[in-house]
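2 protein chains.
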Amino acid sequence: MNFILLSGGSGKRLWPLSNDVRSKQFLKLFQNEAGEYESMAQRLLRQLRAAFPDASVTIATGESQKSAVLNQLAEPDGGGISVCCEPARRDTFPAIALAAAYLYSEQGLGEDEPVIVCPIDPFVGPDYFAALARLERAVRQDAASLVLMGAAPTYPSAKYGYFLPGPAPAGQGENGEGVRPVAWFREKPSEEQAAGYIAEGALWNCGVFGFRLGYLLGILAGYLPAKTYREVYEHYGELPRTSFDYAVAEREKAVGCIRFEGAWKDVGTWNTLAEVMSQPALGNVVLGSGCENVHAVNELEQPLLVMGAKDMIVAAGPDGVLVSDKHQSSYIKPYVDGLHQRVMFEEKSWGSFRVLLEGPHGHSMTVHLAVRAGGQMSYHCHQNRDEVWTVLSGRGRATVEGRETPMGPGTVLRLPAGARHTLRAETAMELIEVQLGCAVEDADVKQF
Amino acid sequence: MNFILLSGGSGKRLWPLSNDVRSKQFLKLFQNEAGEYESMAQRLLRQLRAAFPDASVTIATGESQKSAVLNQLAEPDGGGISVCCEPARRDTFPAIALAAAYLYSEQGLGEDEPVIVCPIDPFVGPDYFAALARLERAVRQDAASLVLMGAAPTYPSAKYGYFLPGPAPAGQGENGEGVRPVAWFREKPSEEQAAGYIAEGALWNCGVFGFRLGYLLGILAGYLPAKTYREVYEHYGELPRTSFDYAVAEREKAVGCIRFEGAWKDVGTWNTLAEVMSQPALGNVVLGSGCENVHAVNELEQPLLVMGAKDMIVAAGPDGVLVSDKHQSSYIKPYVDGLHQRVMFEEKSWGSFRVLLEGPHGHSMTVHLAVRAGGQMSYHCHQNRDEVWTVLSGRGRATVEGRETPMGPGTVLRLPAGARHTLRAETAMELIEVQLGCAVEDADVKQF
Numbered sequence: 002m003n004f005i006l007l008s009g010g011s012g013k014r015l016w017p018l019s020n021d022v023r024s025k026q027f028l029k030l031f032q033n034e035a036g037e038y039e040s041m042a043q044r045l046l047r048q049l050r051a052a053f054p055d056a057s058v059t060i061a062t063g064e065s066q067k068s069a070v071l072n073q074l075a076e077p078d079g080g081g082i083s084v085c086c087e088p089a090r091r092d093t094f095p096a097i098a099l100a101a102a103y104l105y106s107e108q109g110l111g112e113d114e115p116v117i118v119c120p121i122d123p124f125v126g127p128d129y130f131a132a133l134a135r136l137e138r139a140v141r142q143d144a145a146s147l148v149l150m151g152a153a154p155t156y157p158s159a160k161y162g163y164f165l166p167g168p169a170p171a172g173q174g175e176n177g178e179g180v181r182p183v184a185w186f187r188e189k190p191s192e193e194q195a196a197g198y199i200a201e202g203a204l205w206n207c208g209v210f211g212f213r214l215g216y217l218l219g220i221l222a223g224y225l226p227a228k229t230y231r232e233v234y235e236h237y238g239e240l241p242r243t244s245f246d247y248a249v250a251e252r253e254k255a256v257g258c259i260r261f262e263g264a265w266k267d268v269g270t271w272n273t274l275a276e277v278m279s280q281p282a283l284g285n286v287v288l289g290s291g292c293e294n295v296h297a298v299n300e301l302e303q304p305l306l307v308m309g310a311k312d313m314i315v316a317a318g319p320d321g322v323l324v325s326d327k328h329q330s331s332y333i334k335p336y337v338d339g340l341h342q343r344v345m346f347e348e349k350s351w352g353s354f355r356v357l358l359e360g361p362h363g364h365s366m367t368v369h370l371a372v373r374a375g376g377q378m379s380y381h382c383h384q385n386r387d388e389v390w391t392v393l394s395g396r397g398r399a400t401v402e403g404r405e406t407p408m409g410p411g412t413v414l415r416l417p418a419g420a421r422h423t424l425r426a427e428t429a430m431e432l433i434e435v436q437l438g439c440a441v442e443d444a445d446v447k448q449f
Numbered sequence: 002m003n004f005i006l007l008s009g010g011s012g013k014r015l016w017p018l019s020n021d022v023r024s025k026q027f028l029k030l031f032q033n034e035a036g037e038y039e040s041m042a043q044r045l046l047r048q049l050r051a052a053f054p055d056a057s058v059t060i061a062t063g064e065s066q067k068s069a070v071l072n073q074l075a076e077p078d079g080g081g082i083s084v085c086c087e088p089a090r091r092d093t094f095p096a097i098a099l100a101a102a103y104l105y106s107e108q109g110l111g112e113d114e115p116v117i118v119c120p121i122d123p124f125v126g127p128d129y130f131a132a133l134a135r136l137e138r139a140v141r142q143d144a145a146s147l148v149l150m151g152a153a154p155t156y157p158s159a160k161y162g163y164f165l166p167g168p169a170p171a172g173q174g175e176n177g178e179g180v181r182p183v184a185w186f187r188e189k190p191s192e193e194q195a196a197g198y199i200a201e202g203a204l205w206n207c208g209v210f211g212f213r214l215g216y217l218l219g220i221l222a223g224y225l226p227a228k229t230y231r232e233v234y235e236h237y238g239e240l241p242r243t244s245f246d247y248a249v250a251e252r253e254k255a256v257g258c259i260r261f262e263g264a265w266k267d268v269g270t271w272n273t274l275a276e277v278m279s280q281p282a283l284g285n286v287v288l289g290s291g292c293e294n295v296h297a298v299n300e301l302e303q304p305l306l307v308m309g310a311k312d313m314i315v316a317a318g319p320d321g322v323l324v325s326d327k328h329q330s331s332y333i334k335p336y337v338d339g340l341h342q343r344v345m346f347e348e349k350s351w352g353s354f355r356v357l358l359e360g361p362h363g364h365s366m367t368v369h370l371a372v373r374a375g376g377q378m379s380y381h382c383h384q385n386r387d388e389v390w391t392v393l394s395g396r397g398r399a400t401v402e403g404r405e406t407p408m409g410p411g412t413v414l415r416l417p418a419g420a421r422h423t424l425r426a427e428t429a430m431e432l433i434e435v436q437l438g439c440a441v442e443d444a445d446v447k448q449f
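In order, the protein sequences belong to chains A and B.
Note that this note's numbering numbers the first sequence so that position 433 is 434, with each residue one more than the last.
Note that this note's numbering numbers the second sequence so that position 426 is 427, with each residue one more than the last.
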């Protein structure tokens, strides 16, 4: 099977754990059976690999998430996972079109092959993957040019899209996979409207689409005379900034759908996240006396003590601290928009960095770097700042202006402004980086 | 006037801002008229200096608070303030006895001179100082050997001590300062008992005592054949571990008291602290919609966002985060006792340090050092750890094994284990210190 997993979005709604570069799907909030914490993206990919060990998986994402995708999801040998990176964020139609061209020209996938597109972060159980298999069979049977999956709604949400499965065409029963035509689509209605749709029999639009590769390349040809990844990449800006639902699904006459009865959750707010957390507290948290219906997540090393709180979310991380009534937590976005805050934690292709201290007037910044075993930074320099690296643990090799230096616990390396440098970790490494200059800012990086 | 200000106590009840080495009186939570934040100790001392510009002030404290006292309260020229430091924590009687000996032998105070002892941290207005002056006059008039101050209670608190002013002795009216004999003392009663005491006319024991110096030296002589600071210091362990109330006030026949009608608060819990905060939020705090009766203090640089909270205290600092219902916040102590946490922020005589990152297995620690202009560390070394200093800002001179090095922004200095070193700041300095070794612990310091 061929999957395109869509990884997009920015993470204001799960602030302070998510931020502009750390979307909700990368937060390690879920405990697997081995007791390890994994992110929504890691959880879904693990489930997908278990259900379809031979599947080919392409993750469609943007530059800002590429590092997190590689850091969390890439396997040393590739593991059948490719990353297709947009040159700029547009919307789901261009992203899926680019990924389709990638499958065609870079993976050599035939135009007759079915492709399943789905989000990287729904919270689902094993029955979801059985439904994906059903969807793929429906595509193979040519039940429709485009087949969608709809989840049976459990409440009239104003946050999801809806579609109504119509009656099977006259003289023709449902096929074996239960495919029905789609009668109409409705985007994010009021709760009252949503209740009416549900009474009619409408389903939640899960953002899961199945089609033969050639079908989508045909639609792409209507926008761009391009078929290969390189061509689409170069002309990406000419594709419309529009969703796949709008550009394809809602315009297609022969669109079919299957109904998925199992549990399906888009964990996009603190309130919905709390519903799927396996335990009320995560991290260094003490829930004291009098707490009722409290969920607390603490990513800091220091303890979080909660006493006598009711119906609340408490979340603490490098970017800040949130204390919110559960209901109110859905309205967090405008407050977070108003914070104008720098990103304090970011995943990189080589590991992660966390800001420990910002000096006044932007003249210094102290950062903790964690480099994966085998992780390697790009060869780069900074124009306006010196850096001092002190190795806390692990071993590796730094290269500064072409000269290699072995690095181990206690090694101190000065990197003057302008000096090209990189680091390759042999074992997992931790370093303290002190940045010093007249204007210390993230944008001051020149890569070679 | 001669004051002994008692600075003691550890700060579990205002966790996470207070801790074992940072008592509540040193938290900078109060805005003065110039808009600057000051601690309870700084506030009281400022008020005292304004009321009695010529007063001599001796601060009686312990080793663990000495640095904070010097850092917050010492003036460059001394400013008439001395610090009398106990060799070990015992209780208020030994501390006051040592300070009395200090006034006698080190300050040359005559045995006839009145001395006023009071805590360093009540939250009071100017009328409190007028009452202190009244107390001193009563001592000068020999209204009693020992004169106490009692505050008019505003509610039946179970946390304070009470005493009852008795009728003036037969044939003798109150003296001009309103001194009455004390009929009885009661320690920390139940709220019900407290209500009964108040109905009888009892006052809160403010912990304020006035006496002639010779009176206390006489009582001290009953425990130790010692009168000078050095003698009492050397035999400090032989003094009973008991309070001044128990050892002196409650045994004295000729104990008088004056009544203070003004506002007096012992700001010892989050709940009482919230009552005297001039604004509901302090630090980088956003109080979002739906907040009612919320007080929030944030000592971290990162934002704290509170939404839809009611009747709550939120406090965030280097040691952790507290989220508590206001009423519940009085019961914090056993939870904090259970945290077994290292101190993340500490004031030093030369400035302050804050732990930014603890490495795993105690093999490293990254610390931010802020050194006052003119601040100087002791000449010291560490047995089991190397240190790397990187200067972020400011200028000064380091001495390592007798060799002096100028220090400025960007200077990196390695301090191998065993190397004696010190730093003297010419201007205010900030440094990052990385500690590395097989066992990085606070106790590993040898001073010269």
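Beta carbons: idealized from backbone N, C-alpha and C, even for Gly.
Predicted, not measured: the structure shown is a model, and the values here were computed from it.
Can you list the residues of chain A that Val116 of chain B reaches, using a CB-CB cut of under 9 Å? By Cβ distance, chain A contributes nothing, its closest Cβ being about 41 Å from Val116 of chain B, past 9 Å.
Using a cut-off of 9 Å between C-beta atoms, extract the partners of Tyr129 of chain B located in chain A. At a C-beta separation below 9 Å, Tyr129 of chain B has no neighbours in chain A, since its nearest C-beta there lies roughly 32 Å away.
Does His369 of chain B get closer than 7 Å to chain A when you measure Cβ to Cβ? Interface residue (Cβ-Cβ distance to chain A less than 7 Å): His369 of chain B is classified as such.
Report yes or no: is there a C-beta of chain A within less than 7 Å of the C-beta of Val286 of chain B? Taking Cβ atoms only, chain A never reaches closer than 7 Å to Val286 of chain B, which makes this a no.
Can the beta-carbon of Glu276 of chain B be found closer than 7 Å to that of Leu147 of chain B? With respect to the 7 Å criterion, Glu276 of chain B and Leu147 of chain B are not classified as neighbours on the basis of their beta carbons.
Taking Cβ to Cβ, would you say Ala152 of chain B is nearer than 7 Å to Trp265 of chain B? Cβ atoms of Ala152 of chain B and Trp265 of chain B: closer than 7 Å.
If you follow the beta strand (DSSP E) that Ile82 of chain B is part of, which residue opens it and which one closes it? That run of the beta strand (DSSP E) goes 82-87.
Do Thr367 of chain A and Gly395 of chain A count as a contact pair if the criterion is CB distance below 7 Å? In terms of Cβ geometry, Gly395 of chain A and Thr367 of chain A do not form a close pair [threshold 7 Å].
Secondary structure of Gln276 of chain B, DSSP reduced to three states: With the sequence shown as reference, residue 276 of chain B is identified as Glu, and Gln is not the correct amino acid for it. It is helical.
In whole angstroms, what separates the C-alpha of Leu437 of chain B from that of Ser365 of chain A? In this structure, the alpha-carbon of Leu437 of chain B lies about 22 Å from that of Ser365 of chain A.
Terminal residues of the beta strand (DSSP E) in which Phe449 of chain B lies: No beta strand (DSSP E) holds Phe449 of chain B; DSSP gives it neither H nor E.
What's the gap between the Cα of Lys334 of chain A and the Cα of Val324 of chain A? Distance from the CA of Lys334 of chain A to the CA of Val324 of chain A, rounded to the nearest whole angstrom, comes to 14 Å.
Given a cut-off of 7 Å, decide if Ala61 of chain A and Ala101 of chain A are closer than it, judged by their beta-carbon atoms. Ala101 of chain A is not a Cβ neighbour of Ala61 of chain A, given a cutoff of 7 Å.
Going along the chain, which residues of its own chain have a beta-carbon closer than 8 Å to the beta-carbon of Asp387 of chain A, five neighbours each way excluded? Excluding the 5 residues flanking it on each side, Asp387 of chain A has same chain C-beta neighbours closer than 8 Å at Arg415, Leu416, Pro417, Ala418, Gln436, Leu437, Gly438, in chain order.
Cut-off 8 Å between Cβ atoms - residues of its own chain near Tyr189 of chain A, not counting five sequence neighbours on either side: It should be noted that the sequence gives Lys, not Tyr, for residue 189 of chain A. In its chain, beyond the 5 residues on either side, Ala159, Lys160, Tyr161, Gly162 have a beta carbon closer than 8 Å to the beta carbon of Lys189 of chain A.
How would you list, in chain order, the residues of chain B whose beta-carbon sits under 8 Å from the beta-carbon of Asp387 of chain A? Residues of chain B passing the Cβ test: Gly411.
Pairs of beta-carbons, one from the region 37-52 of chain A and one from the region 104-123 of chain A, closer than 8 Å: are there three or more? With a cut-off of 8 Å, the region 104-123 of chain A and the region 37-52 of chain A count as touching, because enough Cβ pairs lie within range.
Within 10 angstroms of its Cβ, does Val446 of chain A collect 16 or more other Cβ (buried), or is it exposed? Exposed is the call here.
If Ser11 of chain B sits next to Gln26 of chain B, beta carbons under 8 Å apart, how far is it from one beta carbon to the other, in whole angstroms? Approximately 11 Å separates the beta-carbon atoms of Ser11 of chain B and Gln26 of chain B; this is outside 8 Å, ruling out the contact.
DSSP three-state assignment for Asp113 of chain B, whether helix, strand or coil: Of the three classes helix, strand and coil, the one that applies to Asp113 of chain B here is coil, per DSSP.
Return yes when the Cβ of Ala169 of chain A is within less than 7 Å of the Cβ of Arg181 of chain A, no when it is not. Taking 7 Å as the Cβ cut-off, Arg181 of chain A and Ala169 of chain A qualify as a contacting pair.
To which residues of the same chain is Val286 of chain A closer than 6 Å at the C-beta, ignoring the five residues directly before and after it? So the list reads Ala297, Asn299, Leu305, once near-sequence residues are dropped.
Beta-carbon proximity of Trp390 of chain B to Val372 of chain B, cut-off 7 Å: When the beta-carbon positions are compared, Trp390 of chain B and Val372 of chain B stay at least 7 Å from each other.
Where Phe245 of chain B sits in the DSSP three-state scheme: In this structure, Phe245 of chain B counts as helix in the three-state DSSP scheme.
In this structure, does DSSP put Tyr332 of chain A in helix, strand or coil? Tyr332 of chain A falls in the helix class under three-state DSSP.
Thinking C-beta only, is Ser279 of chain A closer than 7 Å to Phe94 of chain A? No, these two residues do not count as a Cβ contact at 7 Å.
So which of B:Ala96, B:Trp16, B:Ile5 has the shortest CA-CA distance to Val307 of chain A? Of the listed residues, the one whose Cα sits closest to Val307 of chain A is B:Trp16.
Between which two residues does the beta strand (DSSP E) containing Met2 of chain B stretch? It is not in any beta strand (DSSP E) - Met2 of chain B carries neither H nor E in the DSSP assignment.
Could you check if Glu37 of chain B is buried or exposed, using at least 16 other CB atoms within 10 Å of its CB as the buried criterion? Classification for Glu37 of chain B: exposed.
Below 8 Å on C-beta distance, what does Ile433 of chain B contact in chain A? Leu358, Thr367, Ile433, Val435, listed in chain order.
Please list the partners that Pro304 of chain B has in chain A, where partner means a Cβ-to-Cβ separation under 7 Å. By Cβ distance, chain A contributes Gly321, Leu340, Gln342.
List the residues that DSSP assigns as beta-bridge partners of Tyr163 of chain A. A:Arg187, A:Trp205, per the DSSP bridge assignment.
Between B:Gln377, B:Pro241, B:Ser57, B:Val356, which has its C-alpha nearest Glu107 of chain B's C-alpha? Each of B:Gln377, B:Pro241, B:Ser57, B:Val356 was checked against the Cα of Glu107 of chain B, and the nearest Cα belongs to B:Ser57.
Thinking C-beta only, is Val140 of chain A closer than 7 Å to Gly211 of chain A? Contact flag set, yes.
Member of A:Ala69, A:Met2, A:Met345 whose CA lies at the smallest distance from the CA of Ala51 of chain A: Residue nearest to Ala51 of chain A within the set A:Ala69, A:Met2, A:Met345 is A:Met2 (criterion: CA-CA distance).
List the whole-angstrom C-beta distance separating Gly257 of chain B from Ala131 of chain B, where the pair is believed to meet the contact cut-off of C-beta under 8 Å. In this structure Gly257 of chain B is not in contact with Ala131 of chain B, their Cβ atoms being roughly 18 Å apart against a cut-off of 8 Å.
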